[in-house]
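If you're matching them up, the sequences are chains F and L in order.
The first sequence finishes on residue 466 if you use the numbering used here, and the numbering steps up by one all the way, no holes.
The second sequence finishes on residue 416 if you use the numbering used here, and the numbering steps up by one all the way, no holes.
For every residue, glycine included, the Cβ atom is placed at its ideal position computed from N, Cα and C.
Encoded as structure tokens, the structure appears first; notes follow it.
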Amino acid sequence: MKAFIRATGNISPQKTFGHPAFLPEAVAYERNRLSCIEPDYKHVLDPKYLRRMSRIIRMGAAAAMECLREGGITKPGAIITGTAYGCLEDTGMFLSKLVEQQEDMLTPTAFIQSTHNTVGAQIALVLGCREYNNTYVHRGFSFESALLDALMYLEEGEATDVLTGSVDEITDASHAILSRFDLYKKDPVSNLGILPATGKGTIAGEGATFFLMSAEPGDADYAVLEGLHTFYKPGNQQVIENEIVSFLRLHDCMPADIDLVITGRNGDARGDVVYDQLTKTIFHGKEQAQFKHLCGEYPTASSFACWLAANILKTGTIPAAMQQTGIASAPAKKILVYNHSNQIHHSLILLAAC
Amino acid sequence: MYASVYIAGVGVISAIGNNVQENLASLEAGAAGMGEIRYLESVHRHQIPVAEVKQDNEQLAHLVGMPVSTSRTALLSLVAAREALTDAGLEAAGTLRTGFISANTVGGMDKTENFYQTFLQDHRQGKLRDVIDHECGTVTELVADRLGISHYITTVSTACSSSANAIFLGTRLIRRGTLDVVVAGGTDALTRFTLNGFNTLMILDRQFCQPFDEYRRGLNLGEGAGYVVLVSERVADMLRQEPYGMVSGYSNANDAYHQTASSPEGVGSFLAMSGALKKAGLTPADIDYINLHGTGTQNNDIAEGTAIKRLFDPTYPPLSSTKSFTGHTLGACGGIEAVFSALALRNGIVYPNLRFETPMKELPFTPETCYHSHVPLRHVLSNSFGFGGNCSSLILSKN
Chain F
113 MKAFIRATGN ISPQKTFGHP AFLPEAVAYE RNRLSCIEPD YKHVLDPKYL RRMSRIIRMG
173 AAAAMECLRE GGITKPGAII TGTAYGCLED TGMFLSKLVE QQEDMLTPTA FIQSTHNTVG
233 AQIALVLGCR EYNNTYVHRG FSFESALLDA LMYLEEGEAT DVLTGSVDEI TDASHAILSR
293 FDLYKKDPVS NLGILPATGK GTIAGEGATF FLMSAEPGDA DYAVLEGLHT FYKPGNQQVI
353 ENEIVSFLRL HDCMPADIDL VITGRNGDAR GDVVYDQLTK TIFHGKEQAQ FKHLCGEYPT
413 ASSFACWLAA NILKTGTIPA AMQQTGIASA PAKKILVYNH SNQIHHSLIL LAAC
Chain L
18 MYASVYIAGV GVISAIGNNV QENLASLEAG AAGMGEIRYL ESVHRHQIPV AEVKQDNEQL
78 AHLVGMPVST SRTALLSLVA AREALTDAGL EAAGTLRTGF ISANTVGGMD KTENFYQTFL
138 QDHRQGKLRD VIDHECGTVT ELVADRLGIS HYITTVSTAC SSSANAIFLG TRLIRRGTLD
198 VVVAGGTDAL TRFTLNGFNT LMILDRQFCQ PFDEYRRGLN LGEGAGYVVL VSERVADMLR
258 QEPYGMVSGY SNANDAYHQT ASSPEGVGSF LAMSGALKKA GLTPADIDYI NLHGTGTQNN
318 DIAEGTAIKR LFDPTYPPLS STKSFTGHTL GACGGIEAVF SALALRNGIV YPNLRFETPM
378 KELPFTPETC YHSHVPLRHV LSNSFGFGGN CSSLILSKN
């Protein structure tokens, strides 16, 4: 199982969309909620569609269009989307009206756009793409589920190229609710200062990241995706280590073969201890780089890490913004992305240079 | 040649029964599950009929041994998923690589809409217990944890085709050799959110729905859950019970026409059905029964009907919409109807399409109106089409 990353599109709290340079600097925030830097959508999306689209649909569709544009593809062989929370703005809007107006005089627009498959469906609609279309909504596995489906679809020979990615948004309501679960550091907090972790809590994030995956290599691929694995609620640290080692073994490598590990450290000491423990064992002496201080914590943040890994492999450089530890002797050829979401959903994504 | 994937067990809860036996009995008796709203708190009680599961949350929670504060979506899911595993003789998965692939569209919305009443007045208020199960994936995990399944878990949400896609993915993961056993299907509870949402679209029938009728007025919303236990050939050989059949064909296409409406000619439906036939290596003449998506809306039935006409004309197998019994259960319907299709295959049943009166003037065929047993069925086609143009078809075949 291998697939080539031919193109990408990424809207995030960093300068990732429409910037020719790869993460030239880190954008700093002084709050516990990072918001995407959104482009002027009318340069990316047909105004006819744009008018009706809510924010998450715009972000998702624009990232997808940018990805296809870069890949030189007008209609992919499949569109597979991951989103943990779905269209929160439309959901919240319809729900609020429903409660406030006591189920009376409601209008359909927000309801229509509230279903979790809206982003994937709107991309298909804009492209006129009638191919396979699926949406996964499984918390910290949403992106990984979409990516696995994409890999399988290519492997089955059903398509030669697949558009896959993830999108999640923060709304005022969702941030108010999630904050009450004691997930975030108290404002003001500097995103660039959350690592290494001190105390509990992280910062909230969001993003839309899409990839064009191909079964066959192209002339200008970013990287090759060599493997993907998820594991759920591992009982202890030993289980985590075993999962990582056996995943690497399945792909004919050992920890020593990995040039760089991108970890999901988010500044919450309760969860970052998992990565710290691994640094003492299987990742000992390994170069590591971070990403959640750049995009914030959200269930599909691993897609942002995957985008960083693909760009590192393509450019041969690790941006200073990633707060790398360890010293590189040569450009990274093999990168492991290891992320966990609240210690429940763990994922491993293995990428190599082409 | 693909490895075969077998259906080793089935489980269902819907407005017409709390388990497989009760559902089958209602299907045979022609007893529909719609009625006045009884359990859902809504101003539309007495006005809009729905097809509710005939158990309140307390009874459901007691049945499955979960806290009564659990989302109804999860309670329904556990009832049906557990029945399916027991039916397959796989309550304890042991060393088998087992997955739980569930679909839903509402997640824990039934609780969130209660939370919002207080939360909207003050963002610091509202019981967090009522939003903790909000995410679709959380509903799946609550059930997976109870079933003891952890090897592979995911959730699909493609509106009304969600659980057909869950079965589709489960089949592929077994074919690929990634998993040995997959409990696949979906669940959805009735909520004020969906009831009012569909009401704004003006596609809810104020009477009991009449799928594929010239004078159809819309759909009735329902709730429930349906799961099949998919197993590899190796596992099927180990089990005491003969499998119900195989998942032989599946296809997913997008209509790419409109966010909520199907193209009048049913392009997506046609692509899904023809794709499933191709995958199964079958021709339309091989299909012995079609379990229609058949919601009863003007738009769905003409789109689906036109696609069937294009594919099957001039010879049509018996076809019917069991939504005339269960209502439209949204994220659960693909699972519930896959269970009905598996039962049809094993028991040789063609289900009636209740309340059908007048043929649609555009279509040369009419749905089956009587219950038939002892019908030799080899291949059954089940359709699930939804918002966002997501269209999926499954074909179940005799072993």
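Sub-7 Å separation of residue i and residue j beta-carbons
| i | j | result |
| --- | --- | --- |
| L/G111 | L/H168 | no |
| F/N229 | L/N407 | yes |
| L/Y133 | F/V211 | yes |
| L/R106 | L/L256 | As written in the sequence, residue 106 of chain L is Gly, which differs from the Arg given in the question. Yes, these two residues count as a Cβ contact at 7 Å. |
| L/V156 | L/V356 | no |
| L/A98 | L/Y244 | yes |
| L/I307 | L/L336 | yes |
| F/P188 | F/D273 | yes |
| L/V199 | L/V252 | no |
| L/A101 | L/S180 | no |
| L/K340 | L/G311 | yes |
| L/G352 | L/C226 | no |
| F/A421 | F/L463 | yes |
| F/A262 | F/M325 | yes |
| L/I191 | L/S249 | yes |
| L/L247 | L/T208 | no |
| F/A327 | F/L239 | no |
| F/Y296 | F/G311 | no |
| L/I24 | L/A359 | yes |
Nearest-angstrom beta carbon gap, residue j and residue i [assumed within contact, 8 Å]
| i | j | result |
| --- | --- | --- |
| L/V96 | L/N35 | 7 Å |
| F/V249 | L/T172 | 5 Å |
| F/T412 | F/T195 | 7 Å |
| L/T277 | L/F404 | 5 Å |
| L/L93 | L/E240 | 7 Å |
| F/T342 | F/E268 | With a Cβ gap of about 20 Å, F/T342 and F/E268 do not count as contacting. |
| F/L372 | F/I447 | 5 Å |
| F/N245 | L/N400 | That belief does not hold up - the Cβ atoms of F/N245 and L/N400 are roughly 16 Å apart, past 8 Å. |
| L/N364 | L/T386 | L/N364 to L/T386, Cβ: 19 Å. No contact. |
| F/R143 | F/P300 | 6 Å |
Endpoints, the beta strand (DSSP E) within which residue i is located
| i | result |
| --- | --- |
| L/L247 | G241 to S249 |
| L/M263 | G262 to N271 |
| F/R170 | Premise fails: F/R170 lies in the alpha helix (DSSP H), R167 to G183, not in any beta strand (DSSP E). |
| F/C407 | Counting along the chain, F/C407 falls outside any beta strand (DSSP E), though it belongs to the alpha helix (DSSP H) covering K404 to C407. |
| F/N122 | A115 to I123 |
| L/D305 | Segment: none, L/D305 is in no beta strand (DSSP E) and carries neither H nor E. |
| L/I170 | Y169 to V173 |
Closest residue to residue i among the options (Cα-Cα distance)
| i | options | result |
| --- | --- | --- |
| L/Q142 | L/C153, L/G154, L/E152 and L/T129 | L/T129 |
| F/R424 | F/C365, F/V336, F/R164 and F/T272 | Rather than Arg, the amino acid found at residue 424 of chain F in this sequence is Ile. That would be F/V336, whose Cα lies nearest to the Cα of F/I424. |
| L/A32 | L/G165, L/E250, L/E108 and L/G50 | L/G50 |
| L/A297 | L/A176, L/N416 and L/R89 | L/N416 |
| F/L135 | F/S124, F/Q349 and F/R145 | F/S124 |
| F/T203 | F/S166, F/T314, F/K404 and F/A421 | F/S166 |
| L/M219 | L/Y388, L/I30 and L/I65 | L/I65 |
| L/Y346 | L/F382, L/V392, L/P376 and L/F402 | The amino acid at residue 346 of chain L is misidentified as Tyr; the sequence shows Thr. Considering only alpha carbons, the answer is L/F402. |
| F/M217 | L/N213, L/Q72, L/E108 and L/S249 | L/N213 |
| F/Y344 | L/L159, L/S178, L/G202 and L/A273 | L/L159 |
| F/Y334 | F/F395, F/H131, F/I149 and F/E182 | F/E182 |
| F/R292 | L/F229, L/R234 and L/R146 | L/R146 |
| F/E150 | F/G198, F/A133, F/L237 and F/G121 | F/G121 |
| F/E318 | F/D152, F/C466, F/G198 and F/R164 | F/G198 |
| L/H389 | L/T383, L/E379, L/F382 and L/Y368 | L/Y368 |
| F/C466 | F/T283, F/S286, F/T427 and F/H457 | F/T427 |
| L/T90 | L/I24, L/H151 and L/N40 | L/H151 |
Limits of the unbroken alpha helix (DSSP H) element including residue i
| i | result |
| --- | --- |
| L/M7 | Look at the range of chain L in this structure, 18 to 416, and you will see that residue 7 of chain L is not part of it. |
| L/N213 | R209 to T217 |
| F/Y161 | P159 to L162 |
| F/Y387 | A381 to K392 |
| L/N317 | Q315 to F329 |
Under 8 Å: do the region 285-301 of chain L and the region 261-277 of chain L share three or more Cβ pairs, one atom per stretch? Segments in contact, yes.
Touching or not, the region 441-458 of chain F and the region 403-421 of chain F, by the rule of three or more beta carbon pairs under 8 Å? yes
Is the number of C-beta pairs between the region 215-226 of chain F and the region 146-163 of chain F that are closer than 8 Å three or more? Here the region 215-226 of chain F does not lie against the region 146-163 of chain F, with fewer than 3 beta-carbon pairs under 8 Å apart.
Does the region 279-291 of chain L touch the region 319-333 of chain L, meaning 3 or more C-beta pairs lie closer than 8 Å? yes
Taking 8 Å as the cut-off, does the region 432-442 of chain F touch the region 273-284 of chain F (at least 3 CB pairs, one atom from each stretch)? no
Three or more beta-carbon pairs under 8 Å between the region 55-63 of chain L and the region 137-152 of chain L, yes or no? no
Within the chosen definition, does the region 361-380 of chain F reach the region 393-408 of chain F through at least 3 CB pairs nearer than 8 Å? Touching, per the Cβ criterion.
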